[in-house]
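See below for the structure under consideration.
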Amino acid sequence: MKIGFDIDGTLERFPALYSLVIKVLRVFGTQIFIITGRSRLDGIGLTNFQMQKWEIPSDHIFLREDYQNFLTPNDYTHNLDIQIGIAKARLCKKLGIALMIDDMEEVTNACKSEGVRYLKV
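So this is what it looks like as structure tokens:
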């Protein structure tokens with residue numbers, strides 16, 4: 033099974049709890065995907081630091097630049113959150129993510145549209 037987690041507004045809210053849950057999930061063979069709206073330019077250092085500090089293991093980390101190519105010209109709007117939501121949902125679908133856990137309504141709405149199970153926290 034593959035599960036995706038957002039960082040800002042999700043993992044950062046209860047890092048100790050998520051660390052425990054993720055470690056248990058991995059014991060049972062679950063692959064953990066960190067899928068964040070952070071930019072590679074300013075987010076990779078902070079992301080790696082936080083994952084180590086919070087003791088949150090993962091199999092893959094995807095930043096915004098890693099999944100922007102899932103957007104089509106029709107997806108571009110003045111609202112960056114909608115674009116991130118659409119791109120995250122399409123990445124989840126392509127990777128076969130069984131569940132995406134995120135705090136943004138734009139992400140969960142896009143997951144619903146793409147047929148990806150989600151949990152809004």
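Taken in order, the sequence shown gives residues 33 to 153; the numbers are from the working numbering.
All C-beta atoms in this analysis are idealised placements derived from N, C-alpha and C, irrespective of residue type, glycine included.
Give the secondary structure of residue i by DSSP, where H, G and I count as helix, E and B as strand, and everything else as coil.
{"i": "residue 50", "result": "helix"}
{"i": "residue 108", "result": "coil"}
{"i": "residue 35", "result": "strand"}
{"i": "residue 133", "result": "strand"}
{"i": "residue 103", "result": "coil"}
{"i": "residue 41", "result": "helix"}
{"i": "residue 145", "result": "helix"}
{"i": "residue 87", "result": "coil"}
Roughly how far, in whole angstroms, is the beta-carbon of residue i from the beta-carbon of residue j, given that I think they are within contact range, below 8 Å?
{"i": "residue 68", "j": "residue 95", "result": "6 Å"}
{"i": "residue 115", "j": "residue 108", "result": "6 Å"}
{"i": "residue 102", "j": "residue 123", "result": "6 Å"}
{"i": "residue 146", "j": "residue 121", "result": "4 Å"}
{"i": "residue 158", "j": "residue 60", "result": "Since the first residue shown for the chain is 33 and the last is 153, residue 158 is missing from the structure and cannot be characterised."}
{"i": "residue 148", "j": "residue 129", "result": "6 Å"}
Identify every residue that forms a DSSP beta bridge with residue i.
{"i": "residue 32", "result": "An answer regarding residue 32 cannot be provided, because it is not within the stretch 33 to 153 covered by the chain."}
{"i": "residue 152", "result": "134"}
Is residue i close to the ligand COA? I mean its beta-carbon at under 7 Å from any heavy atom of the ligand.
{"i": "residue 125", "result": "The ligand COA is not part of this structure, which contains no ligands at all."}
Using alpha carbons as the reference points, say which of the options lies closest to residue i.
{"i": "residue 106", "options": "97, 98, 118", "result": "118"}
{"i": "residue 70", "options": "38, 127, 110", "result": "38"}
{"i": "residue 73", "options": "57, 98, 91, 110", "result": "98"}
{"i": "residue 57", "options": "33, 41, 150", "result": "33"}
{"i": "residue 41", "options": "139, 144, 143", "result": "139"}
{"i": "residue 126", "options": "45, 83, 143, 55", "result": "143"}
For this session: Indicate whether the contact test is met: 3 or more Cβ pairs, each with one atom in the segment 78-87 and one in the segment 45-53, closer than 8 Å.
Result: yes
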